[in-house]
Amino acid sequence: MNPKYRRLFIITLIICTLGIATQLILMAIRDNIVYFYTPNELINKYGINKNIKNKIRVGGLVLEDSVVKNKNFVNFTITDKKDEIRVTFDGQLPDLFREGQGIVAEGFFQNNKLVASQVLAKHDENYMPPEVADALKKNGAWKGDK
Amino acid sequence: MIPELGHVFLVLAFVASIMQIVFWTYHINSFNELALDILKKSALLNCIFILISFLILTYSFIISDFSLLIVSNNSHTLKPLIYKISGTWGNHEGSLLLWVLILSSFTFLVSYKKTHNNGELLFSIIGVQTLILCLFLAFILLTSNPFERVSAIPIEGRGLNPLLQDPGLAFHPPMLYVGYVGLSVSFSFAVGALITGKINKEWAQQIRPWITIAWSALTMGIALGSWWAYYELGWGGWWFWDPVENASFMPWLIATALLHSIRILETRLIFINWCILLSILGFAFSLLGTFIVRSGLLTSVHSFASDPSRGIFILIILVISVGGPLILYALKSSLFREQKLQFNLLSKESALLINNLFFTTATATVLIGTLYPLFLDAFNGDKISIGPAYYNATFAPIMAPIILLMAIAPFFNWGKGKSKNLLKIIAILITTSLVSVITLYTIDGSSIFAIICGSLSIWLFVGVVSDLIIKFTETKIKLNKVSNLFIYISKNKIGMNIAHLGVAIFLAGVTGEQFFKTEFSGRKNIGDTFSIGNRVLEFKNFETINGPNYQSEMGIFTLHHNSKFIGYLKPEKRYYPTEQTQTTEAAIISNFLGDTYIVLGEGNYETGWSIRIYFNPLVSWIWAGAFLMALGGVTSIIQNKKTFNNATKVSLNEI
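Here it is as structure tokens:
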């Protein structure tokens, strides 16, 4: 190839690759983003009896005395001290899961409850997931030292 | 008293580095050998000061001097010695001290290396390195002093996060830092070239070992981190596309691109500007990684107690040390003269060019996935997370063509030469890959992606092996003695082949782990047996045990494979009273073909325990592959050093 064609070749290649990559990124972002809500935000946005097509994350405190363990799944309630969302989960709870602890649950919202595929709690006892801390601060329900 | 001494040495290093920078800027236009010599010696001085300071901090951790804030916050008398030592860098302040220690050591090593009539470049390199060192020392002294005292000395420390008390993790940060900081050397080479306005093939030959060292260390560092996450977090996975993982992965991708493009520069002296840009970007991504991890923008086990002022400080360092060179680049990059060379579509140049294009694009997809949630949050307060699904849909399809190319590119020639073996090789590759497609298709539970991923691995494996065989027949060595194998290795440059073989093995591991993993979870009590495929597990017993600084609940299981006894599995739940933290210790029986991985959940004698079991085929190949990649890097450094030395010897003889 002489330099003129080489440049043309390189530019075409760059445009093609970047074009395909952009397309892939846009598609992936549209389909695979997981939004985070507090129970209050979720209810304000979708109301109570609505199924949500995309996966979501809900964060808040585990309501005291709400944890019910069954043979193969566990039910509990997440609260932001304003609204509550019921969660059902069939996997293994993280080590730091306990009542009153800030957690984030990820899954699909169906029939007025969150069917979680993952429950996240933080490694550190003193630690609040920042989304949860933010949301609770907004509600005035929690005044942490952070 | 001793810790104050550590602080004094750190201040000394800071003051010395400021003086060196003043000296350097003063002499930058009037370079002479004496000035270079002074700068070289002062680089050694910095290194010694920081080393003393670091050793003093380590000593404080070993003797558990709780009058120091970070020791009392992160250590405990009952902790085993190795974790007392690794505790030195298991916190924000100490890890930064390690960072500058490695930086100053690299600066010293660069200055120590003999250069032939390239003093002016070296002068600039040391200057730039010292500038970075100075910024980071300022950062430590102003925001994160490791030698801060507490007014009321506690009797006992608060302990180290139990997740970090692990041999894999003791070596993960130093390895990763060698990688991050190693990229500063290629950065300084690039800035040095911009300052002096000179670049040649020798520049590329000198920069290459440094990129390779950094790249190999980064590979090992990332692999160690992933291995740790796999056995310690108890989630059964090895890579989660967590922002912190991405922060270390992006510099790796850029370094990989640079490692390949520098080959073109070295042999052909083209794409000079591109290589310089990549060198700057590589270190920029290292700093971005440090910023993401240290600023507390993201939550993970890596974000130690975070403080917004620290984040801003790192951002300032990032802007100065990347913005400056980029301006310099814009002003001066047009000065470099490239050779006017022609090359074919099927040439090494084209292949390496495409490699670079794809690697940088892949970096961009990871960057967007990592930063987009942060931007969206800052922009309109929407909180989102981007998980593996995004990366599977973007990163993976971009990397697939790279693997296709990787197998055949080594058979291309430079420039306009025709490749002799190419058609034959492609025929072999297509045949073997078709066989592997059909084989994978017949395996239970295989999907289209499993077939693609597995066949790419075979494709690459066959490509690498063919290249090795061709090199073998060309060197005409008979393999009747083992020693001949060493002759073969010493006569051929096989670093690249080893690294590419590593990629093939890594891909095989990924195929097994991603697509053929089996999982079981449920509640089981003592005496229960359960089977996964032809593996049978039996829950034998449950015990409580006291460890050195924890209490443990342990389940005891036996594993039989095809009715043959394989071994015991003892998953634990540990409680660390000092840290008031519970951790899960997965039990793993690992072999060549796959891992049996078991996690014990909560439970009691009445209800049984919740138990999760994974069978992860070929998962250890993932880390074996990464290790081979790093080994390939090291091999190529050694082999190049040899040829470089031989070449200089020859030229000296000619004189």
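So the sequences go chain by chain: R and V.
All residue numbers for the first sequence refer to this note's numbering, where the first residue is 176 and numbers rise by one.
All residue numbers for the second sequence refer to this note's numbering, where the first residue is 60 and numbers rise by one.
Every residue, glycine too, gets a C-beta built ideally from N, C-alpha and C.
| Asked | Found |
| --- | --- |
| I want to verify the contact list: residues of chain V whose CB lies under 7 Å from the CB of isoleucine 208 of chain R, in sequence order. | Ile443, Ile445 |
| Can the beta-carbon of alanine 282 of chain V be found closer than 8 Å to that of glycine 241 of chain V? | no |
| Listing by chain order, which chain V residues have their CB less than 8 Å from the CB of glutamine 267 of chain R? | Ser580, Val658, Gly660, Ser669, Arg671 |
| On the criterion of 16 or more Cβ atoms from any shown chain inside 10 Å, does threonine 213 of chain R qualify as buried, or is it exposed? | buried |
| Would you mind reading off the limits of the alpha helix (DSSP H) that contains serine 23 of chain V? | Since the first residue of chain V shown is 60 and the last is 714, residue 23 of chain V is not available in this structure. |
| Identify each residue in the segment 227-251 of chain R for which the Cβ-Cβ distance to at least one residue of chain V is less than 7 Å, and report them in chain order. | Arg232, Lys246, Asn247 |
| Return yes when the Cβ of arginine 369 of chain V is within less than 8 Å of the Cβ of threonine 147 of chain V, no when it is not. | no |
| Please classify leucine 677 of chain V: is it buried, with 16 or more other beta-carbons within 10 angstroms of its beta-carbon, or exposed? | buried |
| Applying a beta-carbon distance threshold of less than 8 Å, which residues of chain R neighbour alanine 452 of chain V? | Leu199, Met202, Ala203, Asp206, Asn207 |
| Would you list the one or two residues that DSSP bridges to proline 676 of chain V? | V:Gly653 |
| Going by the CB atoms, is the gap between methionine 465 of chain V and histidine 319 of chain V shorter than 8 Å? | no |
| Hey, phenylalanine 248 of chain V and tryptophan 262 of chain V: beta-carbon distance below 8 Å or not? | yes |
| Would methionine 234 of chain V pass as a contact of alanine 276 of chain V if the rule is Cβ separation under 8 Å? | yes |
| Apart from the five residues just before and just after leucine 71 of chain V, which ones in its own chain have a Cβ nearer than 6 Å to its Cβ? | Phe108 |
| Please work out which residues of its chain come closer than 6 Å, Cβ to Cβ, to methionine 279 of chain V, disregarding the five sequence neighbours upstream and downstream, and give them in chain order. | Met234, Ala689 |
| Just confirm the distance between the C-beta atoms of arginine 671 of chain V and glutamine 267 of chain R, as a whole number of angstroms; I'd bet it's less than 8 Å. | 5 Å |
| Can you have a look at cysteine 191 of chain R and say buried or exposed, based on whether 16 or more other CB atoms are within 10 angstroms of its CB? | exposed |
| Classify proline 607 of chain V: buried if its beta carbon has 16 or more other beta carbons within 10 angstroms, exposed otherwise. | exposed |
| For the candidate residues R:Ile189, R:Val233, R:Tyr180, whose alpha-carbon lies nearest to that of lysine 441 of chain V? | The question names lysine, but residue 441 of chain V is aspartate in the sequence shown. When each option's Cα is compared against that of aspartate 441 of chain V, the closest is R:Val233. |
| Between the alpha carbons of histidine 66 of chain V and serine 119 of chain V, how many angstroms are there, rounded? | 12 Å |
| Of the choices V:Ser123, V:Leu104, V:Leu155, V:Leu128, whose alpha-carbon is the least far from that of phenylalanine 350 of chain V? | V:Leu155 |
| Hey, is alanine 296 of chain R's beta-carbon within less than 8 Å of any beta-carbon in chain V? | no |
| Can you grab the Cα-Cα spacing for the pair asparagine 286 of chain R / glycine 222 of chain R, in whole Å? | 12 Å |
| Roughly how many whole angstroms lie between the Cα atoms of arginine 396 of chain V and lysine 700 of chain V? | 27 Å |
| Nearest to valine 262 of chain R by alpha carbon, out of R:Asn250, R:Ala296, R:Thr254? | R:Asn250 |
| Roughly how far, in whole angstroms, is the beta-carbon of isoleucine 121 of chain V from the beta-carbon of lysine 143 of chain V, given that I think they are within contact range, below 8 Å? | 5 Å |
| Since alanine 421 of chain V and phenylalanine 471 of chain V should fall inside the 8 Å C-beta cutoff, what is the C-beta to C-beta distance between them, to a whole number of angstroms? | In fact, because the Cβ distance is near 22 Å, the residues do not count as touching under 8 Å. |
| Measure the Cβ-Cβ separation of alanine 94 of chain V and leucine 180 of chain V and say whether it is below 8 Å. | no |
| In angstroms with no decimal places, state the Cα-to-Cα distance between leucine 481 of chain V and leucine 346 of chain V. | 41 Å |
| Can you give the Cα-Cα distance for tyrosine 609 of chain V and glutamine 224 of chain V, rounded to whole angstroms? | 11 Å |
| Whole angstroms are fine: how far does the CA of proline 269 of chain R sit from the CA of isoleucine 489 of chain V? | 47 Å |
| Considering just the uninterrupted stretch of the beta strand (DSSP E) at leucine 236 of chain R, what are its terminal residues? | 231-237 |
| For leucine 193 of chain R, which residues in chain V fall below 8 Å Cβ to Cβ? | Thr420 |
| So, helix, strand or coil for leucine 188 of chain R, using DSSP? | helix |
| Quick one: does alanine 280 of chain R have its CB under 8 Å from some CB of chain V? | no |
| Based on DSSP bridge pairs, tell me the residues matched to methionine 613 of chain V. | V:Glu602, V:Glu631 |
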